[in-house]
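Data block below; observations after.
Protein chains: 2
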Amino acid sequence: MKHCKFFLVAVATIAGLAALIAPVPGHANGQSAAPYVTEIPQGYRGWKWISSAHEAGKLNSLGAVLGNDIAFNAFRDGKLPYPDGTIIAALHYQNVPSDENNKIFGQVQSFVPGAPTNIQFMVKDSTKYAATGGWGFGHFQDGKPADAAFMKPCFPCHEKAKATDLVFTRYAP
Amino acid sequence: MKHCKFFLVAVATIAGLAALIAPVPGHANGQSAAPYVTEIPQGYRGWKWISSAHEAGKLNSLGAVLGNDIAFNAFRDGKLPYPDGTIIAALHYQNVPSDENNKIFGQVQSFVPGAPTNIQFMVKDSTKYAATGGWGFGHFQDGKPADAAFMKPCFPCHEKAKATDLVFTRYAP
């Protein structure tokens with residue numbers, strides 16, 4: 344789950360579009376739920392580490408992918424598809440040089456997470472998110488969810504990772 | 344805790360040298376314990392994420408710093424000095440481009456952890472490791488601990504981070 348992918352795939356598939364306009368049937372309180380994740384899953388900052396990620400270039404990002412226990416166990420055991428209840432969190436920060444570390448090294452070589460940029464989630468619920476491969480996608484900036492237009496490219500892009508149940512991240516051993 | 348720092352500080356302080364040759368008094372089984380960490384702490388791969396780290400240049404490393412619950416809570420709450428029982432783990436990997444991700448991006452911009460290179464630990468035990476600021480340092484490659492000569496520069500280098508109890512890593516919010 345790389346946040347830049349949101350910007351790269353501009354055309355949603357028919358399935359993706361359907362997911363964006365179709366209300367979820369049978370929602371408990373009668374309201375139609377959004378076809379993507381609109382609330383930040385609780386406790387994600389204390390989840391286990393799946394891998395780190397660095398995006399060079401314009402994004403210049405450094406971050407980590409964390410998972411709840413269901414996610415972590417599935418990643419570690421290579422279990423596919425990911426079971427319902429899996430939640431994957433991608434925490435992104437600016438990739439900034441560490442002045443303190445580089446003073447020790449005597450050169451600019453050490454980079455660490457700077458200001459947070461966004462947080463993304465993939466929530467596996469094969470019923471609720473059936474129209475988007477069983478995954479609900481989420482993107483939050485300053486605690487606020489992105490809108491439907493922004494979320495549109497998530498599913499068609501992640502569909503390219505069909506062999507790994509739409510997940511790009513690999514477990515770091 | 345950056346692994347390259349081991350290579351940069353070649354001269355141990357008197358305190359560091361003393362720690363390397365002095366047996367720890369009162370060790371339960373009568374053997375003299377090494378003044379650094381020689382066994383990999385159990386379960387570290389499932390610990391919580393403190394931060395990520397990228398070293399450019401020759402090291403070309405990408406990794407993560409994890410902590411046991413005592414470490415994680417202290418980092419999160421900004422508690423200094425770190426309490427006894429704190430264990431910090433630095434997992435290092437080669438920084439490699441992700442062919443799969445870059446195919447999506449249309450350019451080489453996405454970097455992920457490749458082959459593991461080494462794992463390092465800082466174990467806080469103000470009695471056992473009194474001679475090295477209360478911290479036991481550990482470095483493991485292919486599961487095997489480094490020798491005393493390799494470990495010598497750890498303490499004098501980390502002493503430079505006295506304001507943060509010898510810890511260079513900062514908590515990523």
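Sequence lines, in order, name chains A and B. Following the working numbering, the residues of the first sequence are numbered contiguously, the last one being 516. Following the working numbering, the residues of the second sequence are numbered contiguously, the last one being 516. The beta carbon of each residue, even a glycine, is placed where N, CA and C say it ideally should be.
{"Check": "My guess is that Glu443/A and Phe511/B are in contact by the Cβ rule of under 8 angstroms, so how many angstroms apart are they, rounded?", "Outcome": "7 angstroms"}
{"Check": "Contact between the region 422 to 442 of chain B and the region 464 to 474 of chain B is defined here as three or more beta-carbon pairs at a separation below 8 angstroms; is this criterion met?", "Outcome": "yes"}
{"Check": "Please check if any C-beta of chain A sits within less than 8 angstroms of the C-beta of Ala399/B.", "Outcome": "yes"}
{"Check": "Just confirm the distance between the C-beta atoms of Phe498/A and Thr475/A, as a whole number of angstroms; I'd bet it's less than 8 angstroms.", "Outcome": "4 angstroms"}
{"Check": "Could you spell out the range, first to last residue, of the beta strand (DSSP E) harbouring Pro516/B?", "Outcome": "First-last for Pro516/B: undefined, no H or E at that position."}
{"Check": "Pick helix, strand or coil for Asn403/B, following the three-state DSSP scheme.", "Outcome": "coil"}
{"Check": "For the region 379 to 393 of chain B, which residues have a beta carbon sitting closer than 7 angstroms to at least one beta carbon of chain A?", "Outcome": "Gly389, Lys391, Trp392"}
{"Check": "Does the beta-carbon of Ala458/B have 16 or more other beta-carbons within 10 angstroms, so that it is buried, or is it exposed?", "Outcome": "exposed"}
{"Check": "Closer than 8 angstroms, CB to CB, is Gln463/A near chain B or not?", "Outcome": "no"}
{"Check": "Round the Cβ separation of Trp390/B and Ala432/B to the nearest angstrom and send it over; I've been treating them as touching at under 8 angstroms.", "Outcome": "6 angstroms"}
{"Check": "Taking C-beta pairs closer than 7 angstroms, name the residues in chain B that Tyr436/A reaches, listed in chain order.", "Outcome": "Ala515"}
{"Check": "Should Lys422/B be flagged as near chain A, meaning a C-beta pair shorter than 8 angstroms?", "Outcome": "no"}
{"Check": "May I ask which residues mark the beginning and end of the beta strand (DSSP E) holding Ile413/A?", "Outcome": "Not the beta strand (DSSP E): Ile413/A falls in the alpha helix (DSSP H), residues 412 to 420."}
{"Check": "Could you give the first and the last residue of the continuous alpha helix (DSSP H) run that contains Ala492/B?", "Outcome": "491 to 494"}
{"Check": "Along the beta strand (DSSP E) that carries Leu378/B, what are the first and last residues, could you check?", "Outcome": "Note that residue 378/B is Pro in the sequence shown here, rather than Leu. Looking at the DSSP string, Pro378/B is not in any beta strand (DSSP E), and its letter there is neither H nor E."}
{"Check": "The ligand MG and Gly428/A: does the residue's C-beta get closer than 7 angstroms to at least one heavy atom of that ligand?", "Outcome": "Ligands in the displayed structure: none, and consequently the ligand MG is not present."}
{"Check": "Mark Leu509/A as exposed unless 16 or more other C-beta atoms lie within 10 angstroms of its C-beta, in which case mark it buried.", "Outcome": "buried"}
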